[in-house]
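Everything on this sheet refers to the single structure shown next.
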Amino acid sequence: MAQLLAQAGWPTPRKEDSGRPRMGDAHCSLSHGGGWAVAARHTRPIGVDVEAASDRLLKVAARFCGPADQPVLDHFGEGVETLCRLWTAKEAVFKAFGTSVDFLTGIRWTEVGDDTARLTAVQHTCDLELRWIRMPQSTAPAPVWLAVAVAETNA
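Here it is in structure tokens:
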């Protein structure tokens, strides 16, 4: 990842006390999975996560999918790809703040669309915009989803 950032001319990230990376004055987030590496930076808190939709998510779903996620389940139905959307969204929100996001109760979904959502990070009382992107076919045998979460304010 460091080599890719250097090739793009981006500064080397440094970690805040919360664990959240920064690039100079910019918020940033890094992720890799499913054959992809992703980096993003923004003036507001941002988080990204990329993950292949694998059956592993079914085994751990009870740890991150709860009643608060019903709007997402209602929109997309149940299944591995929906769980992958939930997981990547929650990881992206967690990365935007670096701490204090309960994966079962810490997110309140206010709007869910096919590729976008609006939500509130409960512990931070901060609204975020979320975008999901199904990545082009990679080396992963399963579909790969990217979630990008951006806080509406500088939390």
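The opening position of the sequence shown corresponds to residue 224 in my numbering, with each subsequent residue numbered one higher. By construction, the Cβ of each residue, glycine as well, lies at the ideal position given by its N, Cα and C atoms.
Identify the residues that DSSP records as bridge partners of LYS238: which are they?
PRO244
Under the three-state reduction of DSSP, which class applies to LEU306: helix, strand or coil?
helix
How long is the line joining the alpha carbons of GLU274 and GLN230, rounded to whole angstroms?
24 Å
Given a threshold of 16 other Cβ atoms within 10 Å of its Cβ, counted over all protein chains shown, does ARG308 qualify as buried or as exposed?
buried
ALA370 and THR311 - do their beta-carbons sit closer together than 8 Å?
yes
Contained beta strand (DSSP E) runs [length at least 3] in the stretch 290-370, N- to C-terminal order:
330-335, 339-344, 349-357
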